[in-house]
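First comes the structure, then the notes that go with it.
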Amino acid sequence: MIDHVVFWVTDMARSKALLPLGTKRITADDHALAGNGVPGKGDFWIGPRAEVPIGTHVAFAAADRATVDAFYEAAIAAGGRDNGKPGLRPQYQANYYGAFVLDPDGHNIEAVCYAAA
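For the sequence shown, position 64 (counting from the first letter as 1) is numbered 151 according to my numbering, and the numbering increases by one without interruption.
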């Protein structure tokens, strides 16, 4: 169900403490976000911030693009705020189709599908 999680940290080097737990860093240290997981699929990401913001980022796996669209519409109708309309995000992966909504507490909730159109 959960596709990936992002945590914001104030010290990227300190975040490597998770590596002994079996996670593998799949991005180089010069990336804005550091991905952990298996090649081609990060499931736990960290990113640098001067101050750690309130709220987290959680992405839920969707079966298809129509489900991503339905998630977005339902979340907006329920009072969520747009944080990225449904669409391709090729900067993440060629078929990465996602939508982002901020819930009332500021959490960034995403639905994502990797299937081709």
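Backbone N, C-alpha and C fix where the C-beta goes; we use that ideal spot for every residue, glycine too. Model, not experiment: these values are computed from the prediction.
The three-state reading of DSSP puts E160 in helix, counting H, G and I together.
In the DSSP assignment, E197 forms a beta bridge with A146 and F187. Beta-bridge pairing by DSSP links L175 to Y184. For the set G129, R136 and M99, the Cα lying nearest the Cα of Y201 is the one of G129.
C-alpha of A100 to C-alpha of V92: approximately 19 Å in a straight line. Here I89 is exposed: its Cβ has fewer than 16 other Cβ atoms, across all protein chains shown, within 10 Å. Apart from sequence neighbours up to five positions away, the residues of its chain that approach L189 with a beta-carbon distance below 7 Å are G167, R168, N170 and N195, ordered along the chain.
Within its own chain, the residues whose Cβ lies closer than 8 Å to the Cβ of A119, once the five positions on either side in sequence are excluded, are G134 and P135, listed in chain order.
Only residues of its own chain outside the window of five on either side were considered, and among them A198 and C200 have a CB closer than 8 Å to the CB of T154, listed in chain order. At the C-beta level, P173 and A186 come within 8 Å of one another. Judged by beta-carbon spacing, V96 lies beyond the 8 Å limit of I113, meaning their Cβ atoms are not closer than that value.
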